[in-house]
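Protein chains in written order, with the numbering used here: chain A, 1 to 179; chain B, 180 to 358; chain C, 359 to 537; chain D, 538 to 716; chain E, 717 to 895; chain F, 896 to 1074. For each residue, glycine too, the CB sits at the ideal point set by N, CA and C.
Protein chains: 6
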Amino acid sequence: MENDETPVGIKRRDFIISSFILSAASFGCLSLTSCQAFSDWAVAEELTMSADRNDRFERGWKKLKEIDGDAGEKVIEALKDIAPDLGRYTIEYPFGDVYSREGLDVKSREIATVAALAAMGNAQPQLKVHIGAALNVGCSAQEIVEIIIQMSVYAGFPAALNAAAAAKAVFSERGIINV
Amino acid sequence: MENDETPVGIKRRDFIISSFILSAASFGCLSLTSCQAFSDWAVAEELTMSADRNDRFERGWKKLKEIDGDAGEKVIEALKDIAPDLGRYTIEYPFGDVYSREGLDVKSREIATVAALAAMGNAQPQLKVHIGAALNVGCSAQEIVEIIIQMSVYAGFPAALNAAAAAKAVFSERGIINV
Amino acid sequence: MENDETPVGIKRRDFIISSFILSAASFGCLSLTSCQAFSDWAVAEELTMSADRNDRFERGWKKLKEIDGDAGEKVIEALKDIAPDLGRYTIEYPFGDVYSREGLDVKSREIATVAALAAMGNAQPQLKVHIGAALNVGCSAQEIVEIIIQMSVYAGFPAALNAAAAAKAVFSERGIINV
Amino acid sequence: MENDETPVGIKRRDFIISSFILSAASFGCLSLTSCQAFSDWAVAEELTMSADRNDRFERGWKKLKEIDGDAGEKVIEALKDIAPDLGRYTIEYPFGDVYSREGLDVKSREIATVAALAAMGNAQPQLKVHIGAALNVGCSAQEIVEIIIQMSVYAGFPAALNAAAAAKAVFSERGIINV
Amino acid sequence: MENDETPVGIKRRDFIISSFILSAASFGCLSLTSCQAFSDWAVAEELTMSADRNDRFERGWKKLKEIDGDAGEKVIEALKDIAPDLGRYTIEYPFGDVYSREGLDVKSREIATVAALAAMGNAQPQLKVHIGAALNVGCSAQEIVEIIIQMSVYAGFPAALNAAAAAKAVFSERGIINV
Amino acid sequence: MENDETPVGIKRRDFIISSFILSAASFGCLSLTSCQAFSDWAVAEELTMSADRNDRFERGWKKLKEIDGDAGEKVIEALKDIAPDLGRYTIEYPFGDVYSREGLDVKSREIATVAALAAMGNAQPQLKVHIGAALNVGCSAQEIVEIIIQMSVYAGFPAALNAAAAAKAVFSERGIINV
Chain A
1 MENDETPVGI KRRDFIISSF ILSAASFGCL SLTSCQAFSD WAVAEELTMS
51 ADRNDRFERG WKKLKEIDGD AGEKVIEALK DIAPDLGRYT IEYPFGDVYS
101 REGLDVKSRE IATVAALAAM GNAQPQLKVH IGAALNVGCS AQEIVEIIIQ
151 MSVYAGFPAA LNAAAAAKAV FSERGIINV
Chain B
180 MENDETPVGI KRRDFIISSF ILSAASFGCL SLTSCQAFSD WAVAEELTMS
230 ADRNDRFERG WKKLKEIDGD AGEKVIEALK DIAPDLGRYT IEYPFGDVYS
280 REGLDVKSRE IATVAALAAM GNAQPQLKVH IGAALNVGCS AQEIVEIIIQ
330 MSVYAGFPAA LNAAAAAKAV FSERGIINV
Chain C
359 MENDETPVGI KRRDFIISSF ILSAASFGCL SLTSCQAFSD WAVAEELTMS
409 ADRNDRFERG WKKLKEIDGD AGEKVIEALK DIAPDLGRYT IEYPFGDVYS
459 REGLDVKSRE IATVAALAAM GNAQPQLKVH IGAALNVGCS AQEIVEIIIQ
509 MSVYAGFPAA LNAAAAAKAV FSERGIINV
Chain D
538 MENDETPVGI KRRDFIISSF ILSAASFGCL SLTSCQAFSD WAVAEELTMS
588 ADRNDRFERG WKKLKEIDGD AGEKVIEALK DIAPDLGRYT IEYPFGDVYS
638 REGLDVKSRE IATVAALAAM GNAQPQLKVH IGAALNVGCS AQEIVEIIIQ
688 MSVYAGFPAA LNAAAAAKAV FSERGIINV
Chain E
717 MENDETPVGI KRRDFIISSF ILSAASFGCL SLTSCQAFSD WAVAEELTMS
767 ADRNDRFERG WKKLKEIDGD AGEKVIEALK DIAPDLGRYT IEYPFGDVYS
817 REGLDVKSRE IATVAALAAM GNAQPQLKVH IGAALNVGCS AQEIVEIIIQ
867 MSVYAGFPAA LNAAAAAKAV FSERGIINV
Chain F
896 MENDETPVGI KRRDFIISSF ILSAASFGCL SLTSCQAFSD WAVAEELTMS
946 ADRNDRFERG WKKLKEIDGD AGEKVIEALK DIAPDLGRYT IEYPFGDVYS
996 REGLDVKSRE IATVAALAAM GNAQPQLKVH IGAALNVGCS AQEIVEIIIQ
1046 MSVYAGFPAA LNAAAAAKAV FSERGIINV
């Protein structure tokens, strides 16, 4: 599906593990040690790395698109010329590992993220992405505003005012409010 | 009820508004301007202040106790010798105004607060109070741990590790984990 | 007076307390409990809320305009489409409660605020508003520059350099310096 | 080797991939799809997860011990009761992914980390661990002090003074200075 | 005077400027103006600058003791084993250069510093030193509390609460309050 | 040389030390050691210190231009209308004192600075200057990217992503990458 393609600029070194095992099996190897194809350490290495990439990267990429939508994709796209591995890690760790965890629903996760970014006050572009993400996963505009108002208590009024400006930009872009 | 009493050390200058209006009415004043007792500016001032205190302070105090429990009360108690008005404001604005708002349930509010305090990383005592508060309003220990793990993404691993240490202390105190 | 009008967008639910008491008195109620009009809890509630709004909001609005001038008004105006209640709180708590306090003169209050915002380094719009406010309440341009230089000691040179850029913009806008 | 053991408390769900493939091969499966043992999704899932764990976790654990030594191990140990997965991530992402990268020598990496933690000023325990780590990978005590002095420029004197106190504690513990 | 001695551990390379002028005089110059070598403006400038250099440390040391008192001295003392040059810089730049400037009275300077450190929230030891310093230069306890209350607006309630705890410790130590 | 000129707006009070020694010689001293006035160690020390003072600005200015190049000069230039003394201090303390120190090579110093500014996340203009400075003193683009990736661990992904955007702008401006 078009939506599930990996982004341009992220060097995909992954190798489909199932097809690899298939190949291995197709060699008719009866034991790993007696089989040339598998005695090569580098191949085994590739295998583990492929497995790694396959899983976390793919899962993360889907999660990123599910939560952040186009805005998330643009973040990764913008990294391709400068730090593609940071793009890969952004997919793998935050989305492949953390947002894919059970134990806290994704709406609550976005509430936590909007709160944290509003409170930190030094990550305006990410705050905008996650205000959009919060809307995507079911937060109402009102709930987002409530989180922002609450941050005046913990991080002060300037942090809340600047977060409100970020929300205004996102809500306006989405046609939620007319400015 | 014992639980609803205002804390010692917060100088209650409030004046029961109903009894004041009662008094006013008992003067038989037919109009405010013609009545000496009310033409005094200071009295009017007292009235508005009483009204103010009554509402926001009382609502905030109940909310504080409902959410933070004893830990919240201790925060206010600790301020009585140094900055009682900061104690009063802590009750009135965060709890009387913000936590009393509709539009976001109190569990989501505590998720936002734990996230923000963990991310800021410079408010360890308040983080502990709100980890406890999150438990009080229905967050599971697991959900709190999930918020903290997620903060490693936005504020870095040191912030998450220090928040985990705070959670460990609170969970241990509550007998949720044995350390 | 035009200058004292409340801003558009802030929903004024306040109720003039004096006229309410007047009305109460005009009922000829001799005691609050015996008077139907006042025995209604909701009305008493409305009364306290009106008193609250009246006092803190009006006092805060005047203080905001006195200190921040048009820049402050624009902050509130910008919130009307997104978070009018945050606008109301910004008037009520910082200005109605805190800046209206005795115990520290307003010039010292602005010195404190410019220092804090310069040191925090993540609230450039608010820093500009308060550099203007500092000028409004009697700080000289030189005193503001001294505060900023001093912040190089506590928050580092980047914080001081960025605050100097903010001061340059404000001073230039006011015609204090020609750039 | 004792030193390379994984820490207690980190639930090792890993599965030796080579032995697994071995087993698969030993089934004499000629193709993956025709082979019961591999048609089970859960097993495949386990495989990818094992591969994942194997690689990044093992590499990270060795790197953590090489760089941070016992101090790093204690960090992971302290998490076992509260957030073992955060411990696993701390091993996998910072150490398995980032510190294992080429392109910057490990001494330069510790210079960067000590600088960042000293400048942030809200991660004293981690700063101590990394001052020790910097010593472990070849920074001299003098070089560490130079980094700290330099942070007075970027984050202010309080940050530098508190980092110097952290260095004093670590150097004293290691017998580098006598206090 | 005992109080003016430089701290142990700070290498004193300073030289009494008067003895230098004495040396100049020993060249036979009876007056500075009648002596060619010294009548040169540039030389006089040079002399002043030497004095100044001398002066930065000496002036800073006096200023530090005047403002921070024993607490400041202890800060420098604590650095002697680990980073004496950071101690020297702390005397020379913040106190010799910045606090010695005209253009802002020292009381206003301490108001700015207490505000900044309270707002930053990650420099508790320095905040305590400067709460003491503020008292030393004429701030009342009440004025310090007002600054702290005001920081709840700009940096949030946790920052204000933690600063209040610092003030409580300092005021108690000084016998201003009994706890 | 054009490149070594001091910036407009910074008052040059410096004095060529050699002319001072010349003056000394004009007193009839044939050699420094045979001349009582100058044979005094303290005097020589004093002379050195004068030179040193002279030196802080001159040394700092050269260091600033060597490290930061034109970008550094523009920072100082931008201050001339608003806070020229902050410009002077920026030259004297960070560059005349700190970057001129021995004990840590200048490449390591820039690694530390890029790391700190990326982690702090509220000093984007200074981060750009120092990414350029890092290139100037021998860091490769790849090494800078590695530092930035590493900051995702300590300060979170938003800090790393914003630093990557800063690096992209600088690398693009220098023609290192084509965007």
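Under 7 Å between beta-carbons, which chain A residues line up against residue i? List them in chain order, please.
{"i": "Ile290 of chain B", "result": "Ser108, Ile111, Ala112"}
{"i": "Ala429 of chain C", "result": "Here the premise fails: no neighbours, minimum Cβ distance about 12 Å."}
Looking only at its chain, what residues have a beta carbon closer than 6 Å to the beta carbon of residue i, apart from the 5 residues adjacent to it on each side?
{"i": "Phe632 of chain D", "result": "Gly597, Lys600, Leu601"}
{"i": "Val464 of chain C", "result": "Val495"}
{"i": "Gly300 of chain B", "result": "Ala338"}
For residue i, return the contacting residues in chain B, with the cut-off set at a CB-CB distance below 7 Å.
{"i": "Gln142 of chain A", "result": "Gly282"}
{"i": "Asp618 of chain D", "result": "Lys347, Ile356, Val358"}
Straight-line CA distance for residue i to residue j?
{"i": "Ile502 of chain C", "j": "Leu493 of chain C", "result": "8 Å"}
{"i": "Met1046 of chain F", "j": "Thr650 of chain D", "result": "8 Å"}
{"i": "Gly524 of chain C", "j": "Ala119 of chain A", "result": "It should be pointed out that residue 524 of chain C corresponds to Ala in this sequence rather than to Gly. Their Cα atoms are separated by approximately 22 Å."}
{"i": "Glu997 of chain F", "j": "Glu953 of chain F", "result": "17 Å"}
{"i": "Glu92 of chain A", "j": "Asp85 of chain A", "result": "10 Å"}
{"i": "Gly87 of chain A", "j": "Val75 of chain A", "result": "8 Å"}
{"i": "Val869 of chain E", "j": "Ala857 of chain E", "result": "20 Å"}
{"i": "Ala1059 of chain F", "j": "Asn341 of chain B", "result": "26 Å"}
{"i": "Arg951 of chain F", "j": "Asp992 of chain F", "result": "7 Å"}
{"i": "Asn536 of chain C", "j": "Ala831 of chain E", "result": "31 Å"}
{"i": "Leu820 of chain E", "j": "Cys497 of chain C", "result": "10 Å"}
{"i": "Ile82 of chain A", "j": "Ile684 of chain D", "result": "27 Å"}
{"i": "Phe694 of chain D", "j": "Tyr89 of chain A", "result": "34 Å"}
{"i": "Glu531 of chain C", "j": "Glu352 of chain B", "result": "56 Å"}
{"i": "Gln1019 of chain F", "j": "Asp249 of chain B", "result": "43 Å"}
{"i": "Gly1070 of chain F", "j": "Ala1050 of chain F", "result": "29 Å"}
{"i": "Ser108 of chain A", "j": "Ser824 of chain E", "result": "45 Å"}
By the criterion of Cβ-Cβ separation under 7 Å, what are the contact partners of residue i in chain C?
{"i": "Leu833 of chain E", "result": "Tyr512"}
{"i": "Asp980 of chain F", "result": "Ile507"}
Taking 7 Å as the limit between beta carbons, can you name the residues of its chain near residue i, skipping five residues before and five after?
{"i": "Gln842 of chain E", "result": "Leu833"}
{"i": "Ala348 of chain B", "result": "Lys307"}
{"i": "Ile865 of chain E", "result": "Ala876"}
{"i": "Phe350 of chain B", "result": "Ala320, Ile356"}
{"i": "His309 of chain B", "result": "Glu289, Thr292, Val293, Leu296"}
Which same chain residues, not among the five before or five after residue i, have their C-beta less than 8 Å away from its C-beta?
{"i": "Ile962 of chain F", "result": "Phe990, Tyr994, Val1001, Glu1005, Ala1028, Asn1031, Val1032"}
At a CB-CB cut-off below 7 Å, which residues of chain D make contact with residue i?
{"i": "Glu850 of chain E", "result": "What sits at residue 850 of chain E in the sequence shown is Ala, not Glu. What Ala850 of chain E touches in chain D: nothing, since even the nearest Cβ is about 16 Å away."}
Within the present structure, is the beta-carbon of residue i separated from the nearest heavy atom of the ligand SAM by less than 7 Å?
{"i": "Val332 of chain B", "result": "You won't find the ligand SAM in this model; it holds no ligand whatsoever."}
Exercise. If contact means a Cβ-Cβ distance below 7 Å, which residues of the stretch 504–525 of chain C contact chain D?
Worked result: From the stretch 504–525 of chain C, only Val511, Tyr512, Ala513, Gly514, Phe515, Pro516 have a Cβ closer than 7 Å to chain D.
For this session: Please list the residues of the stretch 806–822 of chain E that have a C-beta atom closer than 7 Å to any C-beta atom in chain F, keeping them in chain order.
Result: When CB distances to chain F are screened at a threshold of 7 Å, the residues of the stretch 806–822 of chain E falling below it are Tyr809, Asp813, in chain order.
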